[in-house]
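Data block below; observations after.
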Amino acid sequence: MRLSDYNLFLLGDYSGGQDVQGRLAAGGNVTMTDFSVGTALANHDIANTLVAGNTLHLSSGGVWGDAWYGNGYNADASVVYPRGGVSQGSPVDFAARGTELRALSSRLAGLPGNGLTTLESWGGVMLLGTDPGVNVFEVDASAFTGAVLLSISAPAGSLAVINITGDSATFSAFGHMFSGGIDQHGVLFNFVDATEIHANAYGFWGTVLAPYAHVTFNDGSFDGGIYALSMTGNAEGHINALADRDICP
1 MRLSDYNLFL LGDYSGGQDV QGRLAAGGNV TMTDFSVGTA LANHDIANTL VAGNTLHLSS
61 GGVWGDAWYG NGYNADASVV YPRGGVSQGS PVDFAARGTE LRALSSRLAG LPGNGLTTLE
121 SWGGVMLLGT DPGVNVFEVD ASAFTGAVLL SISAPAGSLA VINITGDSAT FSAFGHMFSG
181 GIDQHGVLFN FVDATEIHAN AYGFWGTVLA PYAHVTFNDG SFDGGIYALS MTGNAEGHIN
241 ALADRDICP
């Protein structure tokens, strides 16, 4: 299974979003105002740009591709589709995808740790991996509360799997640093058992897998994908997809 097809993929509801540059799908209701979706997709790449499994509520914005809704569609006259249209239907099997995401998260959680995690007294969360393939780190969610910096060092082309344990995680106004050649295309944050993730004034550099979590995310951005249960907030989604690879057998 690959985590590169959506900028934001939710099994439940999404509300409060304003700018998601790639594809967006939510199995429940989608509610957006003063928004844009799909602006960074190629002109010909319009399929399933915005999908709501239930009701699609839109106001003052645009969808750069095709939109779908399962049961209801509410949009004012200011909503535009510069290179697509809106239809009723269900092009995504959210139940099946949810099963796959939960299974993937569980398999990732079972990978043996081979990276070094150091928590500095000054607030640094320092991750060091040397494997050219996959580097697995184990971090308790509490490490990010009050953190100052997340540093990830690993070889170019490798994958850093950050297995985060704990039922709640908070990310607020701290920075990222990459070294060794890795970048956001090779980072996967796997929230093993979190049911709540709070992020404010923060930028996720990498892809987030949190199939059990409601995400509250304001005044920040995600440079990669978010695959979660549900989400509220105005965080912007930027296309920096996880490099395609077979993560688990």
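Per UniProt numbering, numbering through the sequence shown is continuous, rising by one, with the last residue being 249.
Heads up, the beta-carbon is just placed ideally off N, CA and C, and yes, glycines get one too.
This structure is a prediction, so every number in the text was calculated from the model and none was measured.
Give me the residue from S179, Q184, T195 and G180 with the minimum Cα distance to D167.
T195
Quick check on L10: does DSSP put it in helix, strand or coil?
strand
Host alpha helix (DSSP H) of L104 (start-end):
F94 to A109
Return the Cβ separation of G12 and S230 in integer angstroms, given the expectation that the two are a contact with Cβ distance under 8 Å.
4 Å
Leaving out the 5 sequence neighbours to the left and right, which residues in its chain are closer than 8 Å to D34 when beta-carbon positions are compared?
Q18, S59, S60 and G61
With DSSP as the reference, label H238 as helix, strand or coil.
strand
Measure the alpha-carbon distance for A154 versus L188 and round it to whole angstroms.
13 Å
Once you ignore the five residues that flank A141 on each side, which residues in its own chain have a CB closer than 6 Å to its CB?
I164, G166 and A169
Rank V208, W64, G72 and I182 by C-alpha distance to the C-alpha of H57 and give the top, closest one.
G72
Three-way DSSP call (helix, strand, coil) for G220 in this model:
coil
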